[in-house]
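Enquirer:
Numbering (this note's numbering), first residue to last: 1 to 291.
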């Protein structure tokens, strides 16, 4: 079942234009329209599956952020990169807080929580997906809804690693996360960037559009507009350098039905070079605080 949004989730304008049509290469082979708001330029998938029906679009062994199985070379590479990036993510959050209280929203299998736990962090996770294969070491720390977290509990760091683009009730979740953030705490939000070199190069084959699972497609400007709406402030923007290579590998497999490892590496390299000049990387990490 699908729903059609009549208003932009960011500015509430009722006027938007078809931007690009992309195919779901992971599960359904269906095509979906990404529209652009005429008022604020926000990109969002419309129509989209309802909250009740979206789970069917995650029912694939290819969707490995919720799985611990490694069957293909892409899965294998993903998990090598994940091992390295977990260390970097923990180092990142330690730069922003000496008070080690962490909430990871959309924690998937819980590997990031486990990595933070081993460094002395007090960790809490939220993972709405019932199919996520959570690791045992942090299972008792994970809730299925943000509403299950104690209303009075506050966190110095709240992270969303490639999660915000999946959330149906976008504005409600941001408000709830803001409520759980300490006054001097940081929201750390990672999302793909449709203004990157690899997005422009692959166009409708760009894997990080990932329709219909990705409901929103944030540029720097539209992300700032969203933050302003919620009385939040963007403090820093950081690149996720490995994403350009991984996304290029997936995008080539969609476009050519072939991994094209050398071409993928070259495109990923070019994307990061482009990002160094323009500050438009394949994915961004946004460091956000309360105003």
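For every residue, glycine included, the Cβ atom is placed at its ideal position computed from N, Cα and C. Every value quoted in this text rests on a predicted model; they were computed, and no experiment measured them.
1) Taking C-beta to C-beta, are residue 132 and residue 108 nearer than 8 Å?
2) Looking at the unbroken beta strand (DSSP E) that takes in residue 152, where does it start and where does it end?
3) Between residue 254 and residue 207, is the Cβ-Cβ spacing less than 8 Å?
4) Could you give the first and the last residue of the continuous alpha helix (DSSP H) run that contains residue 200?
5) Could you check whether residue 192 and residue 32 sit closer than 8 Å to each other, using their CB atoms as the reference points?
6) Quick test of the definition: if touching needs 3 or more C-beta pairs under 8 Å, does the region 144-162 touch the region 79-96?
7) Relative to the C-alpha of residue 185, which candidate in 149, 235, 148, 172 has its C-alpha closest?
8) Less than 8 Å between the C-beta atoms of residue 359 and residue 134, yes or no?
9) Give the straight-line distance between the Cα atoms of residue 67 and residue 58, rounded to the nearest whole angstrom.
10) CA-CA distance, residue 175 and residue 230?
11) Under the rule that 16 or more other beta-carbon atoms within 10 Å means buried, what is residue 284, buried or exposed?
12) Within 10 angstroms of the Cβ of residue 256, are there 16 or more other Cβ atoms? Answer buried if so, exposed if not.
13) So, helix, strand or coil for residue 44, using DSSP?
14) CA-CA distance, residue 218 and residue 280?
15) What residue from 27, 263, 9, 237 has the CA that sits closest to residue 247's CA?
16) So residue 146 packs on residue 173, CB below 8 Å; how close in whole Å?
17) Between the alpha carbons of residue 43 and residue 168, how many angstroms are there, rounded?
18) Work out the CA separation of residue 239 and residue 287 for me, nearest whole Å.
19) Report the option in 245, 269, 110, 180 whose CA atom is closest to the CA atom of residue 259.
20) In chain order, what residues of the same chain lie with their CB nearer than 8 Å to the CB of residue 15, ignoring the 5 residues before and after it?
21) Can you tell which of 101, 7, 249 has its C-alpha closest to the C-alpha of residue 266?
22) So, helix, strand or coil for residue 13, using DSSP?
23) From 55, 10, 152, pick the residue whose C-alpha is nearest to that of residue 28; which is it?
24) With a 10 Å radius around its C-beta and 16 neighbouring C-beta atoms as the bar for buried, classify residue 223 as buried or exposed.
25) Near residue 7, what residues of its chain come up, given a Cβ to Cβ distance below 8 Å and the 5 sequence neighbours on each side ignored?
26) Evaluate residue 51 with the Cβ neighbour count: other Cβ atoms within 10 Å of its Cβ, from every protein chain shown; 16 or more gives buried, anything less gives exposed.
Expert: Inspection of the coordinates gives the following:
1) yes
2) Neither: residue 152 is in no beta strand (DSSP E) and is coded neither H nor E.
3) Contact flag set, yes.
4) 197-202
5) no
6) yes
7) 235
8) The structure shown does not extend to residue 359, since the chain spans only 1 to 291, so no value can be given for it.
9) For residue 67, the pLDDT reaches just 49, beneath the cut-off of 50, and the residue's location in the model is therefore unreliable, although a value from the coordinates is still provided. The straight-line gap from Cα to Cα measures roughly 11 Å.
10) 7 Å
11) Looking at its Cβ environment, which holds 16 or more other Cβ atoms inside 10 Å, residue 284 is buried.
12) exposed
13) Under the three-state reduction of DSSP, residue 44 is assigned to strand.
14) 12 Å
15) 263
16) 7 Å
17) 14 Å
18) 11 Å
19) 245
20) When the five nearest sequence neighbours on each side are left out, the beta carbons in the same chain lying within less than 8 Å of the beta carbon of residue 15 are those of 37, 38, 39, in order along the chain.
21) 249
22) DSSP places residue 13 outside both helix and strand once states are collapsed to three, so it counts as coil.
23) 55
24) buried
25) Within its own chain, the residues whose Cβ lies closer than 8 Å to the Cβ of residue 7, once the five positions on either side in sequence are excluded, are 13, 14, listed in chain order.
26) exposed
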